[in-house]
Amino acid sequence: MSELDVAKEKIAYLKVWLGVLLVTDISTFGWLVSNVDTAATLLLWAAVIVVVALTVGILLLHRRIDRHIQSLKEL
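All letters in the sequence shown, in the order written, are residues 438 to 512 by this note's numbering.
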């Protein structure tokens, strides 16, 4: 397998995890918005922390994917 193929596969693998994080983030945020009146305060704060952590993870993973894409220009 060439170096270019390996880099493309790594990007594809990271994009799958980006999608998983994105769907989880959207779902958690949706739950938070729909249950803000009925859920316990501790559970709401936990959901806020999870949404923030997932969003940061998405941004970091996006930056990593972008760096890998930029490195493809050198190949």
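Ideal Cβ placement from N, Cα and C applies to all residues, glycine included.
Between L480 and V473, the C-beta spacing is not below 8 Å. In this structure T465 touches L491 by the C-beta definition: roughly 7 Å separates them, less than 8 Å. The Cβ-Cβ distance between I502 and K452 falls below 8 Å. In this structure, the beta-carbon distance from H505 to L455 does not fall below 8 Å. L497 is positioned such that its CB atom lies no closer than 8 Å to that of A444. V470 and L512 have their C-alpha atoms roughly 45 Å apart.
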